[in-house]
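FYI, the numbering used here numbers position 42 of the sequence shown as 44, with every residue one higher than the one before it.
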Amino acid sequence: RLLHYPAVPRPQDQEQEIVRGAVHTDFGTLTLLTQDSVGGLRAQRLDGQWVHVSPVDNSIVVNVGDMLQRWSNDTLRATPHQVVELSSNDDGTMIPERFSIAFFCNANKNVMLHCLQHCQSEAPKYSPIKAHDYLIRRLSETISKEASA
Numbered sequence: 003r004l005l006h007y008p009a010v011p012r013p014q015d016q017e018q019e020i021v022r023g024a025v026h027t028d029f030g031t032l033t034l035l036t037q038d039s040v041g042g043l044r045a046q047r048l049d050g051q052w053v054h055v056s057p058v059d060n061s062i063v064v065n066v067g068d069m070l071q072r073w074s075n076d077t078l079r080a081t082p083h084q085v086v087e088l089s090s091n092d093d094g095t096m097i098p099e100r101f102s103i104a105f106f107c108n109a110n111k112n113v114m115l116h117c118l119q120h121c122q123s124e125a126p127k128y129s130p131i132k133a134h135d136y137l138i139r140r141l142s143e144t145i146s147k148e149a150s151a
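Below, the structure written as structure tokens:
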């Protein structure tokens, strides 16, 4: 998916950073992301601290998604992330446009998401569910949240 965050005027009374993409985790197994030089991607570490994911030429950011977290019984954790504004044009009046490309890797729709055998040092934390049913449930939750906002 090609993601475009258009250039927008900077609010004059804005003292805090501007959030351009809300905090979320990706629903699938892995997300592969390339980003332009503008930057703005921020990820949350396991200790809760937010870190900026600076653009690196010819690189790909790999995010663990919710499905892989379920398969691994939380051994691998889905990466909470968001997009924030980090830079402005020379006179500070505009927030520059930003581009990124995300490739969302998902399980086949009929695959069961259940705790993998090698990740069962603890009891499974999630009930088994088909990948398609899980994706539909997560999308429905997102739509419900947006409708009530």
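Idealized CB from N, CA, C, for every residue including glycine.
Annotation for ARG72: the continuous alpha helix (DSSP H) segment containing it runs 68-73. If you draw a straight line from the Cα of ALA104 to the Cα of GLN37, it comes to about 9 Å. Between the alpha carbons of GLY94 and LEU141 lies a distance of about 37 Å. With respect to the 8 Å criterion, HIS83 and GLN46 are classified as neighbours on the basis of their beta carbons. Bridge pairing for SER102: LEU5 and GLN37 [DSSP]. Between ARG100 and HIS54, the alpha-carbon positions lie close to 15 Å from each other. The shortest CA-to-CA distance from GLY23 to any of ALA80, THR33 and GLY42 is the one to GLY42.
Of the residues LEU32, VAL64, TYR7 and GLN14, the one whose Cα lies closest to the Cα of VAL21 is TYR7.
Residue pairing by DSSP places VAL63 opposite LEU35 in a beta bridge.
Here ILE131 has LEU115 as same chain residues with Cβ atoms under 6 Å from its own Cβ, once five neighbours each way along the sequence are excluded.
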